[in-house]
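Quick note, in the working numbering, the sequence shown goes up one by one and the last residue is 328.
From the three backbone atoms N, C-alpha and C, an ideal C-beta is built for every residue, glycine too.
The structure displayed is predicted, hence computed values, not measured ones.
So the structure is just underneath, and the comments pick up after that.
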Amino acid sequence: MARPAGHIALMVPNPLSQSDAYANTLSALGTEVRIDRVAETGRCLIQTRHFPCLGPINLISRGPVGSDQNAASEYLRSLQVKGPLIVNTGHRAPSIKGFIRLTRSKSVALLSLSTRDRMRANLHQNWRNALKRAETVALRISNTPYQMDQHKWLIDADQAQQKIHRYRNWPERVLSTFASVNPGQIRVISAYHGKTPVSGMIILCHRPWATYHLAVNTDLGRNANAHHLMIWQAMLWLANRGYTTLDLGLITGPPGLDRFKLRTGAVRHDLGGTWLRLPKPLMPQLSSIQVPSGQKA
Numbered sequence: 032m033a034r035p036a037g038h039i040a041l042m043v044p045n046p047l048s049q050s051d052a053y054a055n056t057l058s059a060l061g062t063e064v065r066i067d068r069v070a071e072t073g074r075c076l077i078q079t080r081h082f083p084c085l086g087p088i089n090l091i092s093r094g095p096v097g098s099d100q101n102a103a104s105e106y107l108r109s110l111q112v113k114g115p116l117i118v119n120t121g122h123r124a125p126s127i128k129g130f131i132r133l134t135r136s137k138s139v140a141l142l143s144l145s146t147r148d149r150m151r152a153n154l155h156q157n158w159r160n161a162l163k164r165a166e167t168v169a170l171r172i173s174n175t176p177y178q179m180d181q182h183k184w185l186i187d188a189d190q191a192q193q194k195i196h197r198y199r200n201w202p203e204r205v206l207s208t209f210a211s212v213n214p215g216q217i218r219v220i221s222a223y224h225g226k227t228p229v230s231g232m233i234i235l236c237h238r239p240w241a242t243y244h245l246a247v248n249t250d251l252g253r254n255a256n257a258h259h260l261m262i263w264q265a266m267l268w269l270a271n272r273g274y275t276t277l278d279l280g281l282i283t284g285p286p287g288l289d290r291f292k293l294r295t296g297a298v299r300h301d302l303g304g305t306w307l308r309l310p311k312p313l314m315p316q317l318s319s320i321q322v323p324s325g326q327k328a
């Protein structure tokens, strides 16, 4: 049964792409959003985009959430939408009836937030030692709501970083829209040496989870282990406000970044890959479609 965004109480887990904060952002940008109840405790956010000639394309990213695997599979099997349905499942799934697998699964790093002592004890020894060194350096850490004019230096640095490393992040318009419709839920963690910013990081808040969105560094920040201190301060800030999980994002390399994420005490959580269901007139052709050998999500 479809409900308007925000109607169903948030349940854990709550990845960004299944959150009310994300639904608010998509709606403000003109994307059609629907949130369904799944069984007694679950929910699923579906986004629909309309394309000339193609018509509606539906996407479920890391959903459904809050229900067991059987209920989630039954929901996806019986879900009625117009046009193709693409599902990036949030858990490993050997198969989904009526769907063809397009890509294999990836993994994300999920960090449980609790007490200061417990989180400190869960740090890998090398990560904890780097944090100790950072705590002795003359760095000032700030945690402020995102403001486009005030944090232009961070966005410019990230855009330059994207060109160098050949990846894509949210366009600035999406980030600004998220900030506008979810006041105070984008936190900018910055490290300063004197008055000069040497490292920056953006955390997206969507209770009871938060998501590590982007980060930039300088040689001075890197040598001072600024990112260790910034993540640690973010962990404390979120835990003190009742957040339960910090999603550190995909574990896809480079190896140093993966180690940085997992050594915070985060655990590797396997997603379920990408699946496609075509409209009924095209369903008989599914059996003849093959995923290219070795293709990865």
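Is it buried or exposed, residue i, if we count other Cβ atoms within 10 angstroms and call 16 or more buried?
i	result
Val69	buried
Asn213	buried
Ser324	Bear in mind that the predicted position of Ser324 carries a pLDDT of just 35, short of 50, making it too unreliable to give a figure here.
Gly303	buried
Tyr198	exposed
Gln111	exposed
Gly37	Residue confidence for Gly37 is low, a pLDDT of 41 falling below 50, so the modelled location carries little weight; the figure read from the coordinates is stated next. The residue is exposed, with fewer than 16 neighbouring Cβ atoms inside 10 Å.
Arg93	buried
Val298	exposed
Ser319	Any reading at Ser319 must be qualified, since the residue scores a pLDDT of 40, below 50, and its modelled position is unreliable; no value is offered.
Thr295	buried
Cys399	Given a span of 32 to 328 for the chain in the structure shown, any question on residue 399 remains unanswerable.
Asn89	buried
Leu85	exposed
Gln49	buried
Ile91	buried
Lys226	exposed
Lys292	buried
Ignore the nearest five residues each way along the sequence and tell me which others in residue i's own chain have a CB closer than 6 Å to its CB.
i	result
Ala40	Summary for Ala40: the model assigns pLDDT 40, below 50, so the residue's position carries little reliability; its value from the coordinates is reported in the next sentence. Answer for Ala40: no residue qualifies.
Arg308	Leu116, Gly129 and Phe130
Thr208	Thr56, Ala59 and Leu60
Tyr106	Val69 and Pro95
Pro176	Gly215
Trp158	Arg294
Do you know offhand how far residue i's Cα is from residue j's?
i	j	result
Asn256	Lys311	54 Å
Asp99	Thr62	28 Å
Val205	Thr56	7 Å
Lys327	Ser136	For Lys327, the predicted model reports a pLDDT of 37, less than 50, meaning its position is unreliable; a value from the coordinates is still stated below. Those two C-alpha atoms are separated by around 7 Å.
Gln264	Leu288	19 Å
Asp301	His155	21 Å
Thr134	Ser126	12 Å
Ala191	Met179	17 Å
Asn153	Gly284	22 Å
Thr167	Arg80	50 Å
Ala52	Gly215	11 Å
Leu47	Ala54	9 Å
His196	Glu71	44 Å
Gln193	Asp148	36 Å
Gln181	Asn174	13 Å
His258	Leu251	11 Å
Check this for me: beta carbons of residue i and residue j, under 8 Å apart or not?
i	j	result
Arg132	Val96	no
Thr242	Asn119	no
Asn248	Ser230	yes
Ala188	Leu279	no
Ala222	Ile172	yes
Leu245	Ala165	no
Ile220	Ala210	no
His224	Ala161	no
Met150	Met232	no
Trp184	Pro228	yes
Pro87	Gly114	yes
Ser138	Ile282	yes
Tell me which residues share the same chain as residue i and place their Cβ nearer than 8 Å to its Cβ, disregarding the 5 neighbours each side in the sequence.
i	result
Arg108	Ile127, Lys128 and Gly129
Leu269	Leu144, Ile234, Cys236, Ala241 and Leu277
Apart from the five residues on each side of it in sequence, which residues of its chain come closer than 7 Å, Cβ to Cβ, to residue i?
i	result
Ile10	Residue 10 is absent from the structure shown; the chain starts at 32 and stops at 328.
Arg123	Ser136, Asp301 and Gly303
Ala102	Val69, Ala70 and Gly73
Notebook entry, point to check: Do the stretch 143-152 and the stretch 272-288 touch if we need at least three Cβ pairs shorter than 8 Å?
Noted result: yes
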